[in-house]
Amino acid sequence: MYDSLISAIKKSKICPRMVFRRLSSITQDDIALRPDLAGFNANDGEPSDNAAVWSSMQLCIDNRAEDAFDVAYDPNDRESLRESEGGSTKPLGQMIHYVREQMSHQHRVFMFSLHTVHDSARLIRWDRMGAIVTEAFNFVLQPQILAEFLFRFSLLGPEGRGLDSSVELAGPQECHEFTEAVANYLDSFGERKPPHFDSTLDASYPTCKIHIDESCSGERSSFIVRRPFSEIPFPCGRATRGYIAWDVGRKKLVFLKDAWRPEESSRLSEKEAYETLAEHKVPYVPAVLIAEDVHSSTGEPQRTVTQDYSDIPFGSRCAHLRPHIHHRIVQELALPLVMMRRSKQLVQAIRNTLVAIQAAYQDAKILHRDISMGNIMLDSNLNGILNDWDRAIQLSVSEEHHAARTVCLALDGFAFSDSI
Numbered sequence: 001m002y003d004s005l006i007s008a009i010k011k012s013k014i015c016p017r018m019v020f021r022r023l024s025s026i027t028q029d030d031i032a033l034r035p036d037l038a039g040f041n042a043n044d045g046e047p048s049d050n051a052a053v054w055s056s057m058q059l060c061i062d063n064r065a066e067d068a069f070d071v072a073y074d075p076n077d078r079e080s081l082r083e084s085e086g087g088s089t090k091p092l093g094q095m096i097h098y099v100r101e102q103m104s105h106q107h108r109v110f111m112f113s114l115h116t117v118h119d120s121a122r123l124i125r126w127d128r129m130g131a132i133v134t135e136a137f138n139f140v141l142q143p144q145i146l147a148e149f150l151f152r153f154s155l156l157g158p159e160g161r162g163l164d165s166s167v168e169l170a171g172p173q174e175c176h177e178f179t180e181a182v183a184n185y186l187d188s189f190g191e192r193k194p195p196h197f198d199s200t201l202d203a204s205y206p207t208c209k210i211h212i213d214e215s216c217s218g219e220r221s222s223f224i225v226r227r228p229f230s231e232i233p234f235p236c237g238r239a240t241r242g243y244i245a246w247d248v249g250r251k252k253l254v255f256l257k258d259a260w261r262p263e264e265s266s267r268l269s270e271k272e273a274y275e276t277l278a279e280h281k282v283p284y285v286p287a288v289l290i291a292e293d294v295h296s297s298t299g300e301p302q303r304t305v306t307q308d309y310s311d312i313p314f315g316s317r318c319a320h321l322r323p324h325i326h327h328r329i330v331q332e333l334a335l336p337l338v339m340m341r342r343s344k345q346l347v348q349a350i351r352n353t354l355v356a357i358q359a360a361y362q363d364a365k366i367l368h369r370d371i372s373m374g375n376i377m378l379d380s381n382l383n384g385i386l387n388d389w390d391r392a393i394q395l396s397v398s399e400e401h402h403a404a405r406t407v408c409l410a411l412d413g414f415a416f417s418d419s420i
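The following block contains the structure:
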């Protein structure tokens, strides 16, 4: 199957800018860690290892031999529906794993994949809100559908294939500056390094330059990143990633948060939350350097589109799907609470957090709504600060009485509630 498909694509010359390679499968706990077939840019060369496969993959192709292993079913096809009821969820789980790995190793707004079962195929478009799946078609009887997709996909530029236009590969000098700065920073902690920070220098991830255009000044700032030290292990949703980044302009290390925020007129963006907190001089919050939505090359915000198709007759009824917009925050570096040196610092950090909560509520009319030990951090002077205001809401006058009733603080999995 694989060799014949690769041969047919090559012989027909329908993908002039791409090459398709059969990949040796790697399994762990009975789960395939990469697909057997994938498309790459013709000038990228042969991927040398598993990490290189994910970092350079352009099109993931997943093939199944049995009909029960289809990742979707057609609502208008009763036979397909019957098969799906007795089918396995494992193929869908593996497909989601492939998507997660590709999106984790690359900076993407969306991606495409191809799923085949025998002589039928489905085209799938993934973004941070879910997947749009086509009706199954027979690519033996209707080869023009698959041929046209592959031809058009091959001619697309990086942004058309879903890659983030605000990100590019870093140059050799930038890679050197980043690596040296992070290594020196980690060495400064001696043997007691912050958890997961050392994953920043994982050489299996590409070193990239992220550009952020500041809306107020019109200036562009650039940051060098490699592997996130913090990442949500799901391809859909907020997809928050935390990086130790090298600020090219300021020549220092900073924290860069990359996430997808819900687009709701009634909810503050994290940028707006920090601006409101600063306006009301709320203490013990992070020092924010830049906060912006991410825009495409056309100037439009990078936005999910899956939710726009949730109410079509052929689609699944998913009324809860909400559009998400790509958002980035750059802050001064902070440390997790486990890096405290004395019990007094823990008490002071909790005290600072309570002061921040009270000031945000009383002065800025903002509720944080996500108090956890992971969001209570230490600044460079080991003073406690309350981080991650991405779930914050601003209260109207009518909401204040209701919101004042209860506050919830989560400590290592236990929740404690009391009246304010």
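For the sequence shown, counting from 1, position 403 maps to 403 in full-length UniProt numbering; every step adds exactly one. Quick reminder that beta carbons are idealized off the backbone N, C-alpha and C, glycines included.
As computed with DSSP, residue 168 is found in a beta bridge with 209. Contact annotation, residue 127 with residue 306: C-beta distance approximately 5 Å; criterion of less than 8 Å satisfied. Counting the other Cβ atoms within 10 Å of the Cβ of residue 386 gives 16 or more, which makes it buried. Rounded to whole angstroms, the separation of the alpha carbons of residue 12 and residue 325 is 39 Å.
Non-local beta-carbon contacts of residue 234 in its own chain, meaning distances under 8 Å to residues more than five positions away in sequence, involve 100 in chain order.
Cβ contact annotation for residue 56 (same chain, cutoff 8 Å, sequence separation greater than five): 40, 41, 44 and 47, in chain order. If you draw a straight line from the Cα of residue 303 to the Cα of residue 335, it comes to about 31 Å.
Sequence-distant Cβ neighbours of residue 14 in its own chain, meaning closer than 8 Å and more than five residues away, are 147, 150, 151 and 154. Its Cα nearest to that of residue 345, the residue 378 stands out among 92, 378 and 332. Residues of the same chain with a CB within less than 6 Å of the CB of residue 249, apart from the 5 flanking positions on each side, are 221 in chain order. Counting along the chain, residue 324 sits inside no alpha helix (DSSP H); it lies in the beta strand (DSSP E) bounded by residues 324-331. Cα atoms of residue 308 and residue 187: separation of roughly 48 Å, rounded to the nearest angstrom. Looking at 58, 208 and 310, the one whose alpha-carbon comes closest to that of residue 158 is 58. Of the candidates 16, 260 and 312, 260 places its Cα closest to the Cα of residue 107. The criterion of a C-beta distance shorter than 7 Å is satisfied by residue 224 and residue 178. In the structure shown, residue 303 falls within a strand segment according to DSSP collapsed to helix, strand and coil. Secondary structure note for residue 364: it is in no beta strand (DSSP E), with a DSSP letter that is neither H nor E. DSSP places residue 115 outside any alpha helix (DSSP H); the residue lies instead in the beta strand (DSSP E), whose first and last residues are 110-117. Here the alpha carbons of residue 266 and residue 168 stand approximately 34 Å from one another.
For the alpha helix (DSSP H) assignment, the uninterrupted runs of no fewer than 4 residues enclosed by the region 228-314 are, from N- to C-terminal side, 270-279.
Taking C-beta atoms as the reference points, residue 285 and residue 356 count as a pair closer than 7 Å.
As the crow flies, the alpha-carbon of residue 105 is around 15 Å from that of residue 165. In this structure, residue 114 keeps its C-beta atom at 7 Å or more from the C-beta atom of residue 181. The three-state reading of DSSP puts residue 335 in strand, counting E and B together. For residue 225, the beta-bridge partners assigned by DSSP are 208. Rounded to whole angstroms, the separation of the alpha carbons of residue 6 and residue 229 is 37 Å. Counting of Cβ neighbours within 10 angstroms places residue 353 among the buried residues, the total reaching 16 or more.
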